[in-house]
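A quick write-up on the structure given underneath.
In structure tokens form, the structure reads like this:
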């Protein structure tokens, strides 16, 4: 008679029936899954060279293509300096730039590929050029503590609307989803730094943006995007900094932006100007707006910035359920600008804008403004079309003041022009009739705890409301 022994290190409860083998297999598979990771594709192994006199575009693209074909992984840019023209990112590619790695954009337009998309908007009517491009990609990451430098000063402005035509964007995603940018530094684009058009589920965290070397140097443009989180961004731009647009009927909606420090000669936080679809469910908080450290040159705007917060609808769209809070502002000529106009620019030829848009539902709270210009802030619609339901709470404005009784006649004459179809700009009327808020063609505008302090005596009322 034999005795059945329990194998060492296996609990007797696992010995029933076929229990031992499956359990061991599960343990081994779990261990393998824990330790396995997607492959790395080092661009040097595909021919990239640490030499900015030589072009590494083909090598970087080969690494991206190999990574994508294998189902995904990391394309690694090791420490060094590499020159590229247009590269095309693909699904499931994680581009990682090591500390000390820099991708430099070529300064020769011949190295940029004209890219076209089937998505129709004001920004995709023609082929455009960019350093890094993706269309209909999903699950893409760009991260690391390296730098992408577009060397945008090399591309001269040749016509009014030449951005993306003869001056390349640095980064452009179209109709893409599950996009992550993390920790990377982006510098010196030929025009807009990063344009996300009709994208879903975008996460931007901890990036640094420096864009002060050409015209149209925005820091961030979210255009008709859904489900976006932007946090911990440091941005210094000549043109608009945090910018939401709607260059097609697709709204920007469900967007959270928090804990950023930004500088701009134009508008630090801007919803507009392109507003065919509009903006819904936007939450922005914890932003510091300050002048740039570099004040040696200016392409657009004002030295201390045009506005800190601009909320605009001028192309038939809607703006609703927008919350902007806990904002600390230094400078800007006219810090807060809410504008419903009727520029009525269509998103494509043959599709006119036949209605005036709507602004309904804005909360602005806990805003501290210092060293502003004397212009004042404004909330304005146009005759027959009112801005509705705006709540302003706990706002302090310190500005230089100095408006005298003799100035008022000129100010009142200036604002007689409604400027219904003009480009919306916070400085469009110059000094306003109020040293705090000038309100016209608006309904249900509520003010609570608003304080305005001026360095020089100023005869204007804090709030002026006109029909």
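Numbering (the numbering used here), first residue to last: 3 to 469. Ideal Cβ positions, reconstructed from N, Cα and C, are used throughout, including at glycine.
7 Å Cβ shell around residue 13 - same chain, five flanking residues per side excluded: In the chain shown, the residue the question calls residue 13 occupies position 11. Low confidence applies here, because residue 13 scores a pLDDT of 40, under 50, leaving its location unreliable; read the following figure in that light. Within the same chain, no residue comes within 7 Å of residue 13 by CB-CB distance, once the 5 residues on both sides are set aside.
Bounding residues of the beta strand (DSSP E) (the contiguous stretch that carries residue 374): Residue numbering aside, residue 374 sits at position 372 when the chain shown is read from its first letter. Looking at the DSSP string, the run of the beta strand (DSSP E) that includes residue 374 is 360–374.
Inter-stretch contact (C-beta, 8 Å, three-pair minimum) for the segment 249–262 and the segment 215–229: Enough Cβ pairs lie closer than 8 Å, so yes.
CA-to-CA distance, residue 297 to residue 396, given in whole angstroms: Working through the chain shown from its first residue, we reach residue 396 at position 394. Working through the chain shown from its first residue, we reach residue 297 at position 295. Cα to Cα, residue 396 sits roughly 31 Å from residue 297.
Segment contact flag, the segment 325–344 with the segment 285–294, C-beta cutoff 8 Å, min 3 pairs: yes
Touching by the beta-carbon criterion (3+ pairs, under 8 Å), the segment 312–319 and the segment 153–164: no
Nearest neighbour of residue 320, chosen from 57, 345, 419 and 358 [CA to CA]: Taking the first residue of the chain shown as 1, we reach residue 320 at position 318. Of all alpha-carbon atoms in 57, 345, 419 and 358, the one lying nearest the alpha-carbon of residue 320 is that of 358.
Coarse secondary structure for residue 108, derived from DSSP in three states: Residue numbering aside, residue 108 sits at position 106 when the chain shown is read from its first letter. In the structure shown, residue 108 sits in coil (DSSP, three-state: anything other than H, G, I, E or B).
The segment 346–364 contacting the segment 301–309, beta-carbon criterion three pairs below 8 Å: no
Beta-carbon proximity of residue 447 to residue 381, cut-off 8 Å: Counting from 1 along the chain shown, the entry for residue 447 is found at position 445. Counting from 1 along the chain shown, the entry for residue 381 is found at position 379. With contacts defined as CB atoms closer than 8 Å, residue 447 and residue 381 qualify as a contacting pair.
Limits of the alpha helix (DSSP H) - the one that residue 59 falls within: Here residue 59 refers to the residue found at position 57 when the chain shown is read from its first residue. Counting along the chain, the alpha helix (DSSP H) containing residue 59 begins and ends at 59–71.
Three or more C-beta pairs below 8 Å linking the segment 408–417 and the segment 383–391: no
N-terminal and C-terminal residue of the beta strand (DSSP E) that residue 272 is part of: Taking the first residue of the chain shown as position 1, residue 272 is located at position 270. Its beta strand (DSSP E) spans residues 269–277.
Pick from 212, 170, 467 and 376 that is closest to residue 399, judged by C-alpha positions: Sequence index remark: in the chain shown, residue 399 carries index 397 (1-based). Taking each of 212, 170, 467 and 376 in turn and checking the Cα distance to residue 399, the smallest one comes out for 376.
Alpha-carbon to alpha-carbon, residue 192 and residue 133: Here residue 133 refers to the residue found at position 131 of the chain shown. Here residue 192 refers to the residue found at position 190 of the chain shown. Rounded to whole angstroms, residue 133 to residue 192 spans 10 Å at the Cα level.
First and last residue of the uninterrupted alpha helix (DSSP H) at residue 317: Numbered from its first residue, the chain shown carries residue 317 at position 315. Looking at the DSSP string, residue 317 is not in any alpha helix (DSSP H), and its letter there is neither H nor E.
Meets three-Cβ-pair contact criterion under 8 Å: the segment 87–99 and the segment 233–250: no
Contacting residues, own chain, Cβ-Cβ under 8 Å from residue 31 (five flanking each side not counted): As a first step, residue 31 is located in the chain shown; it is residue number 29 there, counting from the start. Reliability fails at residue 31, whose pLDDT of 42 lies under 50, so the model's placement of it is uncertain and no value is given.
6 Å CB neighbourhood of residue 257 in its chain, flanking five on each side removed: For the purposes of this step, residue 257 is taken as residue 255 along the chain shown, with counting starting at 1. The residues are 230 and 284.
Own chain partners of residue 215 with C-beta closer than 6 Å, once the 5 adjacent residues on each side are dropped: For this step, residue 215 is matched to residue 213 along the chain shown. Within the same chain, residue 215 has close Cβ partners 154, 155 and 190.
For residue 154, the three-state DSSP class (helix, strand or coil): Taking the chain shown and counting its residues from 1, one reaches residue 154 at position 152. Reduced to three states, the DSSP call for residue 154 is helix.
Cut-off 6 Å between Cβ atoms - residues of its own chain near residue 187, not counting five sequence neighbours on either side: Along the chain shown, read from residue 1 onward, the residue named residue 187 stands at position 185. Closer than 6 Å at the Cβ level, and outside the excluded window around residue 187, lie 149 and 210.
Per-residue DSSP class, three states only, for residue 405: Taking the first residue of the chain shown as position 1, residue 405 is located at position 403. Residue 405: coil per DSSP, three-state reduction.
Outcome for residue 50 when other beta-carbon atoms lying within 10 angstroms are tallied against a minimum of 16: Position 48 of the chain shown holds residue 50. Buried is the call here.
Bridge-paired residues (DSSP) for residue 411: Here residue 411 is taken as the residue at index 409 of the chain shown, counted from 1. In DSSP, residue 411 forms no bridge with anything.
C-beta atoms of residue 46 and residue 74 nearer than 8 Å: Along the chain shown, one-based indexing puts residue 46 at 44. Along the chain shown, one-based indexing puts residue 74 at 72. Contact: no.
Neighbour-count burial assignment, residue 295, 16 or more Cβ in a 10 Å radius: Along the chain shown, read from residue 1 onward, the residue named residue 295 stands at position 293. The residue in question, residue 295, is exposed, as its Cβ has fewer than 16 Cβ neighbours within 10 Å.
Exposure label - residue 455; buried when at least 16 CB within 10 Å: Here residue 455 is taken as the residue at index 453 of the chain shown, counted from 1. Counting Cβ neighbours within 10 Å, residue 455 comes out exposed, since fewer than 16 surround it.
Coil, strand or helix - residue 48 by DSSP: For this step, residue 48 is matched to residue 46 along the chain shown. Reduced to three states, the DSSP call for residue 48 is helix.
Local Cβ density within 10 Å of residue 378, reported as buried at 16 or more and exposed below that: To locate residue 378, count along the chain shown from 1; it is residue 376. Answer is buried; the Cβ neighbour count reaches 16.
Of the residues 121, 171, 97 and 43, the one placed nearest residue 115, counting alpha carbons only: By one-based count along the chain shown, residue 115 stands at place 113. It is 171 whose Cα lies nearest to the Cα of residue 115.
Any alpha helix (DSSP H) of 4 or more consecutive residues that is wholly inside the segment 423–463: none
Complete beta strand (DSSP E) runs within the segment 141–205 (minimum length 3 residues, chain order): 149–151, 171–176, 179–184, 187–189 and 196–199
Cβ-Cβ distance between residue 248 and residue 277 below 8 Å: Start at 1 with the first residue of the chain shown, and residue 248 comes out as number 246. Start at 1 with the first residue of the chain shown, and residue 277 comes out as number 275. It is a contact, given that the beta carbons lie within the stated cut-off.
Rounded C-alpha distance that separates residue 194 from residue 317: Reading the chain shown from its first residue, position 192 is the one you call residue 194. Reading the chain shown from its first residue, position 315 is the one you call residue 317. In this structure, the alpha-carbon of residue 194 lies about 21 Å from that of residue 317.
Closest Cα partner of residue 70 within the set 40, 58 and 60: Locating residue 70 in the chain shown gives position 68, counting from the first residue. With distances taken between CA atoms, residue 70 lies nearest to 40 out of 40, 58 and 60.
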